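A short write-up of the structure that comes next.
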Ligand SMILES: [Zn+2]
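Residue numbers (our numbering): 35 to 100.
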């Protein structure tokens, strides 16, 4: 199931502080979602800006403890 915008998830490069949406300039931060890898207990972290529902990836990856 995909939530939020259907647009492609673009990569953003954080500079100084990360709270502003590159698409609509919303500046109160973001929600997060996790895209599970199919092969291991890791997930990519996606940022979702609540104003326009654009999703971005920063390159963060988390792992779950066994
Ligand atoms: Zn936005």
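Note that beta-carbon positions come from the ideal geometry of N, C-alpha and C, so glycine has one too. In this text the structure is predicted, and so the values were computed from the model without any measurement.
Hey, would you say the C-beta of residue 83 is under 7 Å away from at least one heavy atom of ligand 1? The closest heavy atom of ligand 1 lies less than 7 Å from the beta carbon of residue 83.
Under the criterion of a Cβ to heavy atom distance below 7 Å, does residue 57 qualify as lining ligand 1? yes
Where does residue 81 fall in DSSP's three states? strand
Could you give the residue range of the beta strand (DSSP E) that holds residue 96? Per DSSP, the unbroken beta strand (DSSP E) holding residue 96 starts and ends at 89-97.
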